[in-house]
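Read the structure below first, then the notes.
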Amino acid sequence: MLEVILKGHDKYYGVSDVVRMFSGVPEELKDEGKVIAPEGPDAVLVNELLEDGRSVTYFGDKAYEFKGELLEPGREIKRSLYMALSDISKKNLPWGCLTGIRPTLVACEEESTKALEEKYFVRPDKARLAFETSREEQRILSKVPEESLCIYVGIPFCPSRCEYCSFVSSDISCHMDRLVNYEAALEREIELISKQIKRPIASLYVGGGTPTVLEEREFASLLDSIYSNLKISSGAEVTVEAGRPDTITTGKLEAMRDHGITRICINPQTMRSETLLRLGRKHTAEDTVRVYNQACEMGFDLINMDLIAGLPYEEPEEHVESTKRLIELAPANITVHTLYKKRRAAMSRDTVMDKERTRDTLDECVAESYRLLMEAGYHPYYMYRQKDTGHGLENTGFAKGDTGSLYNVAMMSDCRDVLSFGAGGMSKRCFAQEGEMYKHRVERCPTIKDALTYIARVDEMAEKKIAFFEFKP
Ligand code: SF4
47 MLEVILKGHD KYYGVSDVVR MFSGVPEELK DEGKVIAPEG PDAVLVNELL
97 EDGRSVTYFG DKAYEFKGEL LEPGREIKRS LYMALSDISK KNLPWGCLTG
147 IRPTLVACEE ESTKALEEKY FVRPDKARLA FETSREEQRI LSKVPEESLC
197 IYVGIPFCPS RCEYCSFVSS DISCHMDRLV NYEAALEREI ELISKQIKRP
247 IASLYVGGGT PTVLEEREFA SLLDSIYSNL KISSGAEVTV EAGRPDTITT
297 GKLEAMRDHG ITRICINPQT MRSETLLRLG RKHTAEDTVR VYNQACEMGF
347 DLINMDLIAG LPYEEPEEHV ESTKRLIELA PANITVHTLY KKRRAAMSRD
397 TVMDKERTRD TLDECVAESY RLLMEAGYHP YYMYRQKDTG HGLENTGFAK
447 GDTGSLYNVA MMSDCRDVLS FGAGGMSKRC FAQEGEMYKH RVERCPTIKD
497 ALTYIARVDE MAEKKIAFFE FKP
């Protein structure tokens with residue numbers, strides 16, 4: 047068992063973040079002043095924050111301390127703890143001691159990739175990725191004014207539940223009756239709030255769940271409601287997450303084309319049909335190709351396709367094969383996710399975070415996918431990490447030319463306000479701060495997650511958001 051005793055500070059969250067990277071899920075024993083973890087190295091450490099802001103982590107007669115430029119205390123304690131755990135376990139992690147913060151934000155603060163490597167122990171290839179992505183994020187954000195608004199419209203239903211899913215999304219086969227009432231409530235919320243929006247709408251994202259799970263008529267009606275109520279700026283990016291190929295029909299593609307949707311997502315996750323079926327996705331790789339080709343023929347020229355590296359039921363190497371097949375299809379955007387495990391997912395954490403061999407192979411396979419993508423003319427434009435992402439890796443969106451999604455960048459960078467419609471959505475306001483060029487202060491306004499409760503209380507949700515954004519009639 048791993049045990050970390052905190053001394054001179056109470057940053058349990060930061061300590062847990064670092065411990066988690068080397069072990070199983072940690073437990074914070076605040077009464078006893080320590081964090082413990084069942085797995086990982088068998089060791090007792092003391093993580094101290096000194097009065098002058100330096101941090102030292104002790105293990106036996108060894109003391110681990112960084113002898114360079116001082117970081118703020120939260121980062122200092124993580125850095126000394128990382129140094130100790132890395133030495134004890136003989137492991138260097140791809141992102142070094144960077145955890146709980148977006149690597150691209152740290153890259154914005156630094157002048158060179160070397161600084162990320164030296165101060166945070168980030169591996170050179172990841173430092174380059176963060177640096178390059180952060181510059182592209184800034185370029186994309188600079189195209190839209192600070193006062194513009196990004197909109198999210200959420201449909202939390204799917205045709206079946208994927209085994210790895212951790213989103214608030216219900217299997218439609220069990221909840222068909224709710225869908226029509228949910229759509230009516232969603233349209234009401236859009237109608238109630240939209241009258242009050244005086245700000246330009248720079249991007250809109252219809253996501254989920256799977257919005258295309260709606261029947262053709264209902265789907266077209268939702269798009270009518272969105273376009274008739276919201277004053278979407280000309281040239282704004284409008285994305286529909288048509289994620290599951292098994293929900294996409296000619297009628298829905300026509301509805302999207304006729305409404306002027308600029309970007310759609312058709313997500314294979316893997317091009318190995320056996321994996322898809324075992325994961326409960328009810329479509330094959332051939333379905334993905336068929337729908338993708340049809341969308342191209344109908345004129346959609348900005349298509350994103352998601353892949354997930356580290357899926358169970360396939361070897362990490364098979365992810366590289368999927369990347370190759372997508373590169374042949376040549377969509378404008380390809381997003382490479384690494385599987386992560388949250389509480390709501392059906393699959394166990396062990397299934398996701400298994401075996402050392404997988405850790406190294408997955409790392410290599412993700413790197414190979416990136417290499418192939420860049421060789422094929424894609425570049426990274428947004429990136430984020432999640433707490434339980436398989437083996438400490440990241441999720442990266444790649445784009446050809448100037449096709450990177452503003453919504454994705456705005457959402458992840460916390461630099462533009464997001465107004466969210468629908469159950470489970472998170473609205474947020476981002477305030478520039480004095481002395482901080484890139485880090486905004488964020489206020490959040492969550493919407494009830496349960497679809498039935500949302501339907502019953504939609505007026506209240508709308509009022510709450512109007513007050514949150516201080517919209518005036
Ligand atoms: S399609 Fe996406 S939201 Fe729906 S169940 Fe699968 S992972 Fe979850």
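Residues in the sequence shown are numbered from 47 upward in steps of one, following the working numbering. Beta carbons: idealized from backbone N, C-alpha and C, even for Gly. This one's a predicted model, so the numbers in the text were calculated from it and none came from an experiment.
Point to revise | residue 415 to residue 477 span [Cα, whole Å] | key: 36 angstroms
Exercise for review: Just tell me which of 307, 369, 481 and 114 has its CA closest to the CA of residue 164.
Suggested key: 114
Check your understanding: When DSSP labels each residue in this structure, what does residue 341 get in the three-state scheme?
Key -> helix
Check your understanding: Looking at the structure shown, is residue 242 part of a helix, part of a strand, or coil, going by DSSP?
Key -> coil
Practice item. Buried or exposed for residue 357, please, with buried defined as at least 16 other CB atoms from any protein chain shown within 10 angstroms of its CB. Key: buried
Review point. Quick one: Cα of residue 251 to Cα of residue 198, how far?
Key: 5 angstroms
Practice item. Using 7 angstroms as the cut-off, classify the Cβ of residue 208 as near or not near the heavy atoms of ligand 1, replying yes or no. Key: Relative to ligand 1, the nearest heavy atom lies less than 7 angstroms away from the CB of residue 208.
Exercise for review: Taking all protein chains shown into account, decide if residue 382 is buried (16 or more other Cβ within 10 angstroms of its Cβ) or exposed.
Suggested key: buried
Practice item. Taking all protein chains shown into account, decide if residue 138 is buried (16 or more other Cβ within 10 angstroms of its Cβ) or exposed. Key: Exposed, by the Cβ-count rule.
Exercise for review: Taking residue 301 as part of the beta strand (DSSP E), name the residues at either end of that continuous run.
Suggested key: Where residue 301 is concerned, there is no enclosing beta strand (DSSP E), although the alpha helix (DSSP H) it sits in stretches over 296-305.
Exercise for review: Taking the CB atoms as reference points, tell me whether residue 83 and residue 48 lie closer together than 8 angstroms.
Suggested key: yes
Practice item. Evaluate contact between the segment 321-330 and the segment 273-286, counting only Cβ atoms and requiring at least three cross-stretch pairs below 8 angstroms. Key: Segments in contact, no.
Exercise for review: Quick one: grab the DSSP three-state call for residue 184.
Suggested key: helix
Review point. Is the beta carbon of residue 330 sitting closer than 8 angstroms to the one on residue 360?
Key: Their beta carbons are not under 8 angstroms apart, which means residue 330 does not touch residue 360 by this criterion.
Exercise for review: Verify whether the separation of the beta carbon atoms of residue 427 and residue 155 is less than 8 angstroms.
Suggested key: no
Review point. Between the beta-carbon of residue 255 and the beta-carbon of residue 202, is there less than 8 angstroms?
Key: yes
Check your understanding: What number of angstroms, rounded off, separates the C-alpha of residue 497 from the C-alpha of residue 98?
Key -> 50 angstroms
Review point. Do residue 195 and residue 245 have their C-beta atoms closer together than 8 angstroms?
Key: yes
Practice item. Note down, in chain order, each residue of its chain lying with its Cβ closer than 7 angstroms to the Cβ of residue 449, except the 5 sequence neighbours on either side. Key: 348, 378 and 379
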